[in-house]
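Participant:
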Amino acid sequence: MKIAIVGGGIGGLTAALGLLRQGFAVEVYEQAPVLREVGAGVQVSANGTRILFALGLEKEIMDVASEPGGKQIRLWNTGRTWKLFDLGPLSVAQYGFPYITIHRNDLHQALAAGIRRIAPDAIRLGRQCTGIDQDARGVTLRFADGSSARSDVAIGADGVHSVVRTALFGADDPTFTGIVAWRGVIPIDRLPERFRRPVGTNWIGPGGHVIHYLLRRGELMNYVSVVERANWQVESWSVAGTVEECLADYEGWHEDVHTLIKAIDTPYKWALMLRQPMKQWTQGRVTLLGDACHPTLPFLAQGAVMAIEDGFVLSRALAANADDHAAAFRHYEAARNDRTSRIVKGAEANLGRFHNPALSDAAQAEAYVDAEWEESKIRQRYEWLFTYDATTVPVSDDRSMDLVGAQ
Ligand code: FAD
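When the sequence shown is numbered by my numbering, its final residue is 643 and no position is left out of the sequence of numbers.
#1: Are the Cβ atoms of Asn-283 and Leu-550 separated by less than 8 Å?
#2: From Gln-616 to Ala-380, what does the alpha carbon distance come to, in whole angstroms?
#3: CA-CA distance, Thr-402 and Asp-408?
#4: Based on Cα-Cα distance, which residue from Gly-367, Gly-414, Leu-311 and Pro-410 lies nearest to Ile-447?
#5: Short of 6 Å in beta carbon distance, which residues of its chain neighbour Ala-598, apart from the five on each side in sequence? Order them along the chain.
#6: I need the straight-line Cα distance from Ala-540 to Ala-603, nearest angstrom please.
#7: Please report the distance separating the alpha-carbon of Gly-526 from that of Thr-250.
#8: First and last residue of the beta strand (DSSP E) that includes Pro-423?
#9: What residue does the alpha helix (DSSP H) around Thr-366 start on, and which one ends it?
#10: Counting along the chain, where does the beta strand (DSSP E) carrying Gln-616 start and finish?
#11: What does the Cβ neighbour count give for Lys-319, buried or exposed, with the cut at 16 atoms within 10 Å?
#12: Can you find the residues in the same chain that come closer than 6 Å, C-beta to C-beta, to Gly-414, ignoring five residues on each side of it along the sequence?
#13: Are the CB atoms of Ala-393 and Gly-248 within a distance shorter than 8 Å?
#14: Are at least three pairs of beta-carbons, each pair with one atom in the region 339-350 and one in the region 254-273, less than 8 Å apart?
#15: According to DSSP, Ala-558 sits in a beta bridge with which residue or residues?
#16: Would Thr-337 be called buried (16 or more neighbouring beta carbons within 10 Å of its own) or exposed?
#17: Is Tyr-265 a contact residue of the ligand FAD, with contact defined as CB to any heavy atom under 7 Å?
#18: Can you check which of these residues, Gln-279, Pro-356, Leu-361 and Glu-480, is closest to Val-270 by C-alpha distance?
#19: From the DSSP secondary-structure annotation, give me the bridge partner or partners of Lys-505.
#20: Contact defined as beta carbons within less than 8 Å: I believe Asp-606 pairs with Arg-572. What is the distance between those atoms, to the nearest angstrom?
#21: Any chance you could list the alpha helix (DSSP H) runs of at least 4 consecutive residues sitting entirely within the region 284-308, in chain order?
#22: From the DSSP output, which residues share a beta bridge with Phe-431?
#23: Taking one C-beta from the region 362-375 and one from the region 493-505 each time, how about it: are there three or more such pairs within less than 8 Å?
#24: Please classify Asn-438: does DSSP put it in a helix, a strand, or coil?
#25: Locate the beta strand (DSSP E) running through Arg-386, then write down its first and last residues.
#26: Quick check on DSSP: helix, strand or coil for Tyr-449?
#27: Among Ser-398, Leu-456, Arg-433 and Gly-444, which residue has its Cα nearest to the Cα of Asp-425?
#28: Which value, in whole angstroms, describes the spacing of the CA atoms of His-445 and Ile-579?
#29: For the alpha helix (DSSP H) that Gly-350 lies in, which residues bound it at each end?
#30: Secondary structure at Asn-586, three-state DSSP: helix, strand or coil?
#31: Opposite Leu-377 in the DSSP bridges: which residues?
#32: Once the 5 residues before and after Gln-519 are set aside, which same chain residues still bring their CB inside 7 Å of it?
#33: Which runs of the beta strand (DSSP E) at least 3 residues long sit entirely within the region 480-531? Give them in chain order.
#34: So what's Phe-333 in DSSP terms, helix, strand or just coil?
#35: Using a 10 Å radius around the Cβ and a threshold of 16 neighbouring Cβ atoms, would you call Ala-476 buried or exposed?
#36: According to DSSP, what are the bridge partners of Leu-311?
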């Protein structure tokens, strides 16, 4: 079976590597002329590192990742700190795999290197897909440069503005959340010593929150913050704002937040859109994965990990049903749709929690945090995410095939 993948992001590359390791002929068509991920960091919980390790990338990933010892919550104005949960060795003890924070480009390069070791020419750059047709025998992709490519099946891994999704199901209809996200990456030597502790921090406040964690063995600090603000609606990773504009969004916040913002060269801003989960991802010989079918607000830090899980489960489903793509796609959707929909909904619920009006008053805020981040509630919110095992979820009617592609 020849498989075409549109989009060489984190999800597309994971699917490609999983499929190549099982002997499929795979071509990835990426619109960018150079293979690199746009800035910023990403958190990968144990359910994601489990897959990266199964794909043979353990050393490459751990050489460039940071491993937070835990996560903490801090109150926007007083800086009061609460423990959220422990990670580090505890993640490995509880879930079998580490919780890491990693620069998106480092993760992307590790996946691409894994692909190129097996198939040096599998990733085709500068190929922007503009259309897709299918017939009884296969799929034709059309590209902006006038070229086309034929395959047996195709996977749309082309992100939140997916051309493939639009071709299959029509344009989507997102709602602006009224929230803008800021992000920036800071060399650690620009920050005071106290920021070097390997702890992921989530500042919460009325109408906004701020997250920061270390990347690249502690050499970089990743900054992401969101603020409720109705006057910016462009959904793009690459629109630059200014430090002054970002600072103005966090007026009255703790000086540690201001120290971080002032250390960013260029903060980028992104309008957060809400989309309802799709019930169906497949049409005939074409299916979708990652943000193309279930973009989520980033408030559970699982969007990239979901793209990784999708890519891996899809590669297993195709391997276990190699002569029946319809069965493969059916099992893939059955394994993934409920979980990803639950994440989209769970991330939306965290919005009300992180920005609650109760946080404006320090005394009220303490009672609110104690109640909302009580240990059993935290476990309930995160445990089901971290324990998921994409290497063994059923992907065929024949249970004996379910371990195909697990390692
Ligand atoms: P993408 O990463 O968007 O990749 C799509 C690829 O397709 C790109 O390379 C693009 O160039 C290519 N492409 C697009 N159109 C075409 C075309 N027509 N032809 C050819 N190629 C095309 N997730 C986490 O797990 N943890 C986090 O901590 C986290 N933090 C986040 C913070 C913010 C502020 C935001 C907005 C998101 C965050 N996410 C996080 C989510 C995560 O970034 C996405 O869910 C993830 O990147 C989705 O991967 P993907 O492969 O589906 O899509």
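All C-beta atoms, glycine included, are put in the ideal place defined by N, C-alpha and C.
Model, not experiment: these values are computed from the prediction.
Facilitator: Working from what's here:
#1: Translated into positions along the sequence shown, residue 283 becomes position 47. Translated into positions along the sequence shown, residue 550 becomes position 314. The answer is no: Cβ separation not under 8 Å.
#2: The residue you call residue 616 lines up with position 380 of the sequence shown. The residue you call residue 380 lines up with position 144 of the sequence shown. One C-alpha to the other measures close to 46 Å.
#3: Indexing the sequence shown from 1 puts residue 402 at position 166. Indexing the sequence shown from 1 puts residue 408 at position 172. Their Cα atoms are separated by approximately 7 Å.
#4: Here residue 447 refers to the residue found at position 211 when the sequence shown is read from its first residue. Checking every option, the nearest Cα to that of Ile-447 belongs to Leu-311.
#5: Sequence index remark: in the sequence shown, residue 598 carries index 362 (1-based). Thr-314, listed in sequence order.
#6: Taking the sequence shown and counting its residues from 1, the one referred to as residue 540 is at position 304. Taking the sequence shown and counting its residues from 1, the one referred to as residue 603 is at position 367. So the two alpha carbons sit approximately 33 Å from each other.
#7: Reading the sequence shown from its first residue, position 290 is the one you call residue 526. Reading the sequence shown from its first residue, position 14 is the one you call residue 250. For Gly-526 and Thr-250, the distance between alpha carbons rounds to 11 Å.
#8: Along the sequence shown, read from residue 1 onward, the residue named residue 423 stands at position 187. Here the beta strand (DSSP E) through Pro-423 covers 411-423.
#9: In the sequence shown, the residue the question calls residue 366 occupies position 130. Looking at the DSSP string, Thr-366 is not in any alpha helix (DSSP H); the run it does join, the beta strand (DSSP E), is 365-370.
#10: Indexing the sequence shown from 1 puts residue 616 at position 380. No beta strand (DSSP E) contains Gln-616, which is instead part of the alpha helix (DSSP H) from 611-622.
#11: Locating residue 319 in the sequence shown gives position 83, counting from the first residue. Per the 10 Å Cβ criterion, exposed.
#12: Reading the sequence shown from its first residue, position 178 is the one you call residue 414. Here the set comprises Glu-464 and Ala-466.
#13: Position 12 of the sequence shown, counted from the first residue, corresponds to residue 248. Position 157 of the sequence shown, counted from the first residue, corresponds to residue 393. Cβ atoms of Gly-248 and Ala-393: closer than 8 Å.
#14: yes
#15: On the sequence shown, position 322 is the one that residue 558 refers to. DSSP output for Ala-558 lists no bridge partner at all.
#16: Translated into positions along the sequence shown, residue 337 becomes position 101. Per the 10 Å Cβ criterion, buried.
#17: Position 29 of the sequence shown, counted from the start, is the residue given in the question as residue 265. Short note on Tyr-265: C-beta closer than 7 Å to some heavy atom of the ligand FAD.
#18: Position 34 of the sequence shown, counted from the first residue, corresponds to residue 270. When only C-alpha atoms are compared, the closest one is Leu-361.
#19: Taking the sequence shown and counting its residues from 1, the one referred to as residue 505 is at position 269. Partner(s): Trp-418 and Val-475.
#20: Taking the sequence shown and counting its residues from 1, the one referred to as residue 606 is at position 370. Taking the sequence shown and counting its residues from 1, the one referred to as residue 572 is at position 336. No, Asp-606 and Arg-572 are not in contact; Cβ-Cβ is about 36 Å, not under 8 Å.
#21: 294-300
#22: Start at 1 with the first residue of the sequence shown, and residue 431 comes out as number 195. Paired residues: none, contrary to the question.
#23: no
#24: As a first step, residue 438 must be located in the sequence shown, where it is residue number 202. Looking at Asn-438 - three-state DSSP - the assignment turns out to be strand.
#25: Numbered from 1 along the sequence shown, position 150 holds the residue referred to as residue 386. Segment 384-387, the beta strand (DSSP E) holding Arg-386.
#26: Taking the first residue of the sequence shown as position 1, residue 449 is located at position 213. Reduced to three states, the DSSP call for Tyr-449 is strand.
#27: The residue given as residue 425 occupies position 189 in the sequence shown. Checked all of Ser-398, Leu-456, Arg-433 and Gly-444; the closest Cα to Asp-425 is Leu-456.
#28: Here residue 445 corresponds to residue number 209 of the sequence shown, with the count starting at 1. Here residue 579 corresponds to residue number 343 of the sequence shown, with the count starting at 1. Going by the C-alpha atoms only, they are around 19 Å apart.
#29: Stepping through the sequence shown from its first residue, residue 350 is reached at position 114. That run of the alpha helix (DSSP H) goes 340-354.
#30: Taking the sequence shown and counting its residues from 1, one reaches residue 586 at position 350. Helix, per DSSP.
#31: Taking the first residue of the sequence shown as position 1, residue 377 is located at position 141. Answer is Ile-368 and Ala-385, bridged to Leu-377.
#32: Here residue 519 refers to the residue found at position 283 when the sequence shown is read from its first residue. Hits under 7 Å: Leu-404.
#33: 504-510 and 522-524
#34: Within the sequence shown, numbered from 1, the residue matching residue 333 stands at position 97. Look at Phe-333 here: in three-state DSSP terms it is coil, with no helix or strand label.
#35: Mapped onto the sequence shown, residue 476 falls at position 240. When all chains shown are included, Ala-476 counts as exposed.
#36: Taking the sequence shown and counting its residues from 1, the one referred to as residue 311 is at position 75. In the DSSP output, where bridge partners are listed per residue, Leu-311 has Ile-440.
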